[in-house]
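>
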Amino acid sequence: MNRKHLEEKLAFGILTGIALLVVIPTLWIIGYIVYQGIGTLSWEFITAMPRKGMKEGGIFPAIMGTIYLVMGTMAFALPLGIGSAIYLTEYAKQGRLSRIIRLAIMNLAGVPSVVYGLFGLGLFVLFLGFGTSILAGALTLACLILPIIITASEEALKSVPQSYREASLALGATKWQTIQKVVLPHAMPGILTGAILGIGRAAGETAPILLTVAAFYLPRLPRSVFDQAMALPYHLYIISTQVPNMPQGIQYATALVLLGIVSVFFFIATLIRMKFKKANRA
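Numbering (the working numbering), first residue to last: 17 to 298.
1) At what residues does the alpha helix (DSSP H) containing Glu24 begin and finish?
2) May I have the straight-line CA-CA distance separating Cys159 from Ala120, to the nearest angstrom?
3) If I measure Cβ to Cβ from Tyr250 and keep anything under 7 Å in the same chain, skipping five residues before and after, which residues do I get?
4) Given this structure, state the Cα-to-Cα distance separating Ala285 from Ile161, to the nearest angstrom.
5) Using three-state DSSP, classify Arg115 as helix, strand or coil.
6) Assign Ala230 to one of three DSSP states: helix, strand, or coil.
7) So what does DSSP say about Gly147, is it helix, strand or coil?
8) What does a CB cutoff of less than 8 Å around Ser256 pick up in its chain, not counting 5 residues either side in sequence?
9) Please classify Gly188: does DSSP put it in a helix, a strand, or coil?
10) Quick one: residues in its chain with C-beta nearer than 8 Å to the C-beta of Gly220, no 5 flanking neighbours on either side, listed in chain order?
11) Does DSSP put Glu221 in a helix, in a strand, or in coil?
12) DSSP beta-bridge partners for Ala245?
13) At 3 residues or longer, and completely inside the region 59-123: list those beta strand (DSSP E) runs for me, N to C.
14) Using the three-state DSSP reduction, which class does Gly206 fall into: helix, strand or coil?
15) Give the range of the alpha helix (DSSP H) segment to which Val131 is assigned.
16) Looking at Phe232: is its Cβ nearer than 8 Å to the Cβ of Val86?
17) Using 8 Å as the threshold, is the C-beta distance between Ile98 and Ile207 below it?
18) Decide if the region 128-148 is in contact with the region 233-240; the criterion is three or more beta carbon pairs, one per stretch, under 8 Å apart.
19) Please return the same chain residues whose Cβ sits closer than 8 Å to the Cβ of Leu151, not counting the five positions on each side in sequence.
20) Since Leu287 and Leu57 should fall inside the 8 Å C-beta cutoff, what is the C-beta to C-beta distance between them, to a whole number of angstroms?
21) Which whole-angstrom value is the C-beta distance of Thr82 and Ala247, which I expect to be below 8 Å?
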């Protein structure tokens with residue numbers, strides 16, 4: 017065995033070990049949550065309203081509140097994020113200003129979520145007068161995941177070969193027609209990857225919704241976007257730290273439902289991404 021093959025096998029072994037160090041603890045955590053929560057999980061737990069200080073009944077308002085927040089967040093963040101990425105990649109002059117904008121976007125991705133919560137409290141709740149509401153929470157979470165979506169979308173757009181654009185323009189298409197009909201379809205799988213990452217972060221955040229939308233105990237569904245709502249991350253935090261003698265099974269079952277909701281959103285986005293990949297190959 018020569019030295020190159022030995023180095024290749026060593027590198028492969030190291031990378032495999034690193035991957036296992038990430039995957040095995042993750043699978044163990046998921047398995048533990050399933051083991052602890054599956055006994056409490058039932059149809060009533062999913063569909064019923066909470067009772068007796070959340071120690072009985074179900075978590076239906078928290079489930080619906082989480083779904084409303086995630087859908088509202090994506091409704092605001094996806095158009096803004098994709099539009100910003102299109103501008104930075106296709107229209108903006110590549111100079112000092114665009115570099116400063118990209119640096120600012122990368123810095124925003126590292127800002128703690130509680131800072132976004134304070135920003136949402138000051139701007140959406142107080143200044144714009146939305147109050148603690150689904151609208152304020154969705155807008156705050158949209159600001160939180162915008163850097164992720166912009167960065168992923170920009171990289172996806174850059175990965176489309178320049179020859180595709182040149183061929184479309186040579187056939188008489190306008191720049192926008194080229195972006196709409198040629199660039200976006202080929203970049204969509206990468207854009208959806210950013211959307212998946214954004215969904216995961218938006219669904220699991222507690223600090224931003226704590227300050228903008230989450231209710232401690234609300235055994236009813238919200239009637240409009242200006243209502244407060246329960247949400248699974250905040251609900252899980254409350255029943256784990258603030259409610260005495262809370263049965264452990266309820267805590268783990270709530271975490272299991274949250275994982276299930278995020279998984280459903282991931283599954284839908286993955287199906288859409290695979291559809292675009294097949295269309296591009298055809």
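Cβ coordinates follow ideal geometry from the N, Cα and C atoms, glycine included. Owing to the predicted nature of the structure, the values given are computational and were not obtained by experimental measurement.
Inspection of the coordinates gives the following:
1) 19-53
2) 13 Å
3) Thr222, Ile225, Leu226, Ala230
4) 16 Å
5) helix
6) strand
7) coil
8) Met262, Gln267
9) coil
10) Pro249, Leu274, Val278
11) coil
12) Ala230
13) none
14) helix
15) 129-136
16) no
17) yes
18) no
19) Gly88, Phe140, Val241, Phe242
20) 25 Å between Cβ atoms; not a contact.
21) 5 Å
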